[in-house]
Every structure is written in structure tokens, then in C-alpha cells.
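> Going by numbering that gives the first Met the number 0, the residue at position 47 of the sequence shown is 46; the numbering climbs one at a time, nothing skipped.
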Amino acid sequence: MEGEIMNQYLKKSLSLVLLTGALFGGGQLIHTQTASAKAQSASVVASKLTSYTNAKSAGPTKDYYYTNGKAQFGSFAGIKTGGTHFATDSHHRSATARAVLTYSEYKASQGSRQGTPRDPYKWPSSNPIVAVTYSLTHRTYHGYLWNRSHSIGDSLLGKKSYTSNANFTTGTRSQNVGADQNGGMRYAEEKVENYWASHPGTKRTVKYETTPVYRGSEVIPRGSIVDIKSSDGKLNTEVVVLNSDEGVKINYSTGKTSVKKTATTVKKTTAKKTTKKTTATKTTSSKLRKSGKWTIAASGKVFVSKSKIYYTKVTNPGNYTYESRTAAIHSGARKAVRGNGYAQP
0 MEGEIMNQYL
10 KKSLSLVLLT
20 GALFGGGQLI
30 HTQTASAKAQ
40 SASVVASKLT
50 SYTNAKSAGP
60 TKDYYYTNGK
70 AQFGSFAGIK
80 TGGTHFATDS
90 HHRSATARAV
100 LTYSEYKASQ
110 GSRQGTPRDP
120 YKWPSSNPIV
130 AVTYSLTHRT
140 YHGYLWNRSH
150 SIGDSLLGKK
160 SYTSNANFTT
170 GTRSQNVGAD
180 QNGGMRYAEE
190 KVENYWASHP
200 GTKRTVKYET
210 TPVYRGSEVI
220 PRGSIVDIKS
230 SDGKLNTEVV
240 VLNSDEGVKI
250 NYSTGKTSVK
260 KTATTVKKTT
270 AKKTTKKTTA
280 TKTTSSKLRK
290 SGKWTIAASG
300 KVFVSKSKIY
310 YTKVTNPGNY
320 TYESRTAAIH
330 SGARKAVRGN
340 GYAQP
């Protein structure tokens, strides 16, 4: 089989590269700055991501992520508490992003976005509207294909998350928040947010490392490997995130998709479908208010996600149940500690 699976380690940064022709193993691992076990695990992940993304799949959980055992880190040498390291690889693409996170940074980032997302390397010149129907929720997302996706998110790193283009990759909306607003990269971020929420004011730290996974010289990653470990060891996991959209064929070298023409038709028909759903949503449309892209809950009402987190305004109300705040709390739901581009506390 031609080609090889390569783990390129450039000083303190890691960029996983699956070279052309080596799609499902059989390749030779080359590594210089990490343990053999991590390199072997990474090659398996790279092959799986290629398989899932070629199949236009949401992965084994149907939520654009899966867990992969305990965290396996590269070098954090020289990165102190509150410190970061962002780097690019030999192709100028965003490589591994590392940070030693603190509770104070998390607390300071709450309430609103702390900056403006930067363009990742080779940000696509066109960003088509797509329709993605999720097999997990049976809901359909209508919106832009591409997001400027943080490797280490605003909710964890605050203003520092906007200091480098190398902390951003071109990612689908599904990669960012999954099928239910709590998958994809959000799943990994919420693991840390939940840890901080259960340890208020703590001086403990969390090591967080995100490695985009590319195939050959492609400029858009097939996904990312996120490694997370708290200093007390209570949080210790590796999360693999898929950069795909169900039913959408993506060219990871150009960012183009096969559904551009279809997307225009979908966009024109979205309004009728959304109106019907809003009218039927456990309340009357007069109690919901629209403001730009946001649907805002009536006083005393909230939108509750499948993971039992509630918000007061969202962009896609069909992905949530709509109920009174009191009922939500009684059912075990808790208020979101911060928002994102799709849901706000």
C-alpha cells in the first residue's frame, strides 16, 4: 500500500498527518517527541476519522465525538499555569494547541464572547448554506457549512483563545456542537466546565491539548483529538471529534461541497418549516420572540437540551424542549454557565 501514516512532531507542537494512499492502516509510524503508545493510538484514530468522514458519518455516538480512553499528552515543557502554546505545522496549518487551564480564566470568560474568531489557514472563500438532518435527534440544521472553530474554546480560555490564528481550524457546525448542541467539541469543553462548576474557586489546574488531524496535504482537518486531565486526576479523558456533516460530501482540500445547489432550495423553504415547528412547540408563537438569528423564550420559560442544560435564547429551538424554568429545575436541569453561538443562558 502506498504512503504512510505519519505523526509529525514539530518541537512542542503535534500535527497528525495521514498521507495519501494510507487510508486504513498498513502504514509506518514515525514519531520523535512522544511515547510509542500515543503514536500508535493516534494512527488508529487517524484511520477511523478518515473512514467516518469519507462515509459522511457522525461517528459511533451519532454526536460527532467519541471517547478514547485516558488522556495521552505531548510535551507541556515550559507551559506554566495559565500558559498556552499554539503552533502551525510544516504546511502552515494549525497544529496542536496546549494550555494549562485555571478556574479564574473560566470564571472570567462567563457571560459573553471574549473576542472575534480569527480566520484559520486557508479559510474557504465560499461558505454554502447546507441542510443537515441528524440521525441522533431527527432534527435538521439549516445554516452555514463552515465555522471558525476554536481548538481551545472561549469558555475555557477567554481572551487568550483569540490571540492566535493557530487556535482556529475550519470546522463544520456539527463538529463544533454535535447533533444536540452538546456533542462535538462542546462535549470536551463541557467536561472541563462541569469540573470547574463542581470545584468552585479551586487552585487546581487542567491540562488541555487539542490536535487537529489532517490527511496528507489537505487544509481542513478530518477531526481533532482532545486530551484533558485535571491536576487531581479526577478528570482524565481523550475525546475524538469528527469534522463532518451527515449526508454532506466535503472536499477537505478546498472546503467545497457537493450540495451547494441544493442548499439554495433548502434555504428558501426553511422559513415555512420553522414557522410550523415554532407554532407547535409546547406554547404559542406569541410567547416566543425573534431577534435576528435568536429565538428568545418568554418570561419564566427556558429551552432545555438533552443533556439537561437550559438556555433562554437559542438559534434552533427544535433541538430543545420548551418548558417553564421551574419544571426544568425540578426535572434536574441546570442553567448553562455560559453560552455559545447557538445557545445563550
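Backbone N, C-alpha and C fix where the C-beta goes; we use that ideal spot for every residue, glycine too.
1. What number of angstroms, rounded off, separates the C-alpha of Val44 from the C-alpha of Ala342?
2. Reducing DSSP to helix, strand and coil, say where Ala54 ends up.
3. Please determine if the stretch 152-169 and the stretch 108-126 are in contact, where contact requires at least 3 C-beta pairs separated by less than 8 angstroms.
4. Measure the alpha-carbon distance for Val212 versus Ser298 and round it to whole angstroms.
5. Should the stretch 76-89 be regarded as contacting the stretch 129-141, the criterion being three or more beta carbon pairs within less than 8 angstroms?
6. Using DSSP with H/G/I as helix, E/B as strand and the rest coil, what is Trp122?
7. What first and last residue would you give for the alpha helix (DSSP H) that runs through Glu217?
8. Got a sec, what are the start and stop residues for the beta strand (DSSP E) Ser173 sits in?
9. What residue range is occupied by the uninterrupted alpha helix (DSSP H) comprising Tyr102?
10. Mind checking which residues open and close the beta strand (DSSP E) that includes Glu189?
11. For Arg345, is the classification buried or exposed, using 16 other Cβ atoms within 10 angstroms of its Cβ as the cut-off for buried?
12. Ignore the nearest five residues each way along the sequence and tell me which others in Ala327's own chain have a CB closer than 6 angstroms to its CB.
13. From what residue to what residue does the beta strand (DSSP E) around Leu241 run?
14. So is Lys292 buried or exposed if we call it buried at 16+ other beta carbons inside 10 Å?
15. Kindly identify the DSSP beta-bridge partner or partners of His137.
16. What is the DSSP secondary structure of Tyr161, reduced to helix, strand or coil?
17. For the alpha helix (DSSP H) that contains Ser154, what are its first and last residues?
18. Say whether the stretch 148-156 touches the stretch 99-114, bearing in mind that this needs 3 or more beta-carbon pairs closer than 8 angstroms, one atom from each stretch.
19. Should Ala178 go down as buried or exposed, given a rule of 16 or more other Cβ atoms within 10 Å for buried?
20. State the DSSP-derived secondary structure class of Lys300, mapped to helix, strand or coil.
21. Return yes when the Cβ of Asp244 is within less than 8 angstroms of the Cβ of Ser173, no when it is not.
22. State the Cα-Cα distance for the pair Thr210 and Tyr65, rounded to the nearest angstrom.
23. Would you check if the distance between the CB atom of Thr204 and the CB atom of Ala70 is smaller than 8 angstroms?
24. How would you write the range of the beta strand (DSSP E) that Ala130 sits in, first residue to last?
25. Ser223 bridges to which residues according to DSSP?
26. May I ask you to check if the CB of Asn318 is nearer than 7 angstroms to at least one heavy atom of the ligand HEM?
27. Bridge partners for Lys206 per DSSP, in chain order?
28. With a threshold of 16 other CB atoms inside 10 Å of the CB of Pro199, please say whether the residue is buried or exposed.
29. Which residue marks the beginning of the beta strand (DSSP E) containing Ser250, and which one marks its end?
30. Between which two residues does the beta strand (DSSP E) holding Ser74 run?
31. Thinking just about the alpha-carbon of each residue, which of Ala57, Lys47 and Arg333 is nearest to the one in Ser197?
32. According to DSSP, simplified to helix, strand and coil, what is Tyr318?
33. Under 6 angstroms Cβ to Cβ from Ala96, same chain only, skipping five residues before and after it: list those, please.
34. I think Asn67 touches Val239, with their Cβ atoms under 8 angstroms apart; what is that distance to the nearest whole Å?
35. Check whether the Cβ atoms of Gly180 and Asn318 sit closer than 8 angstroms, and answer yes or no.
This is what the structure holds:
1. Roughly 30 angstroms between the two C-alpha positions.
2. Per DSSP, reduced to three states, the secondary structure at Ala54 is coil, with no helix or strand assignment.
3. Enough Cβ pairs lie closer than 8 angstroms, so yes.
4. Taking the straight line joining both Cα atoms gives about 44 angstroms.
5. No, they do not touch.
6. Under the three-state reduction of DSSP output, Trp122 falls in the coil class, being neither helix nor strand.
7. Here Glu217 belongs to no alpha helix (DSSP H), and DSSP marks it neither H nor E.
8. Segment Arg172 to Val176 is the alpha helix (DSSP H) holding Ser173; no beta strand (DSSP E) there.
9. Counting along the chain, the alpha helix (DSSP H) containing Tyr102 begins and ends at Tyr102 to Ala107.
10. Per DSSP, Glu189 belongs to no beta strand (DSSP E); it is in the alpha helix (DSSP H), Gly183 to Ser197.
11. Lying outside 0 to 344, the shown extent of the chain, residue 345 is not represented and no answer is given.
12. Answer for Ala327: Val301, Val303 and Tyr309, listed in chain order.
13. Asn235 to Leu241 is the extent of the beta strand (DSSP E) around Leu241.
14. Flag for Lys292 reads exposed.
15. DSSP output for His137 lists no bridge partner at all.
16. DSSP places Tyr161 in helix when its eight states are reduced to three.
17. Taken as a continuous stretch (DSSP letters only), the alpha helix (DSSP H) holding Ser154 covers Asp153 to Leu156.
18. With a cut-off of 8 angstroms on Cβ pairs, the stretch 148-156 is in contact with the stretch 99-114, counting three or more such pairs.
19. The residue is buried, with at least 16 neighbouring Cβ atoms inside 10 Å.
20. Strand.
21. Pairing Ser173 with Asp244 gives a Cβ-Cβ distance under 8 angstroms.
22. Near 15 angstroms, if we compare the C-alpha coordinates of Tyr65 and Thr210.
23. Taking C-beta atoms as the reference points, Thr204 and Ala70 fail to come closer than 8 angstroms.
24. For Ala130, the enclosing beta strand (DSSP E) has its first and last residue at Ile128 to Thr132.
25. Answer is Pro211 and Val240, bridged to Ser223.
26. Looking for the ligand HEM in the displayed structure turns up nothing, as the structure carries no ligands at all.
27. Lys206 pairs with Val99 and Lys228.
28. Exposed: under 16 other Cβ atoms inside 10 Å.
29. It is worth fixing the name first, because residue 250 is Asn in this sequence and not Ser. From DSSP, Asn250 is part of no beta strand (DSSP E); its letter is neither H nor E.
30. Annotation for Ser74: no beta strand (DSSP E) segment contains it, and DSSP assigns it neither H nor E.
31. When only C-alpha atoms are compared, the closest one is Arg333.
32. Residue 318 is actually Asn in this sequence, not Tyr. Reduced to three states, the DSSP call for Asn318 is helix.
33. Correct list, in chain order: Phe85, Ser150, Ile151, Asn166 and Thr209.
34. So it is a contact: roughly 5 angstroms between Cβ atoms.
35. What sits at residue 180 in the sequence shown is Gln, not Gly. Their beta carbons are under 8 angstroms apart, which means Gln180 touches Asn318 by this criterion.
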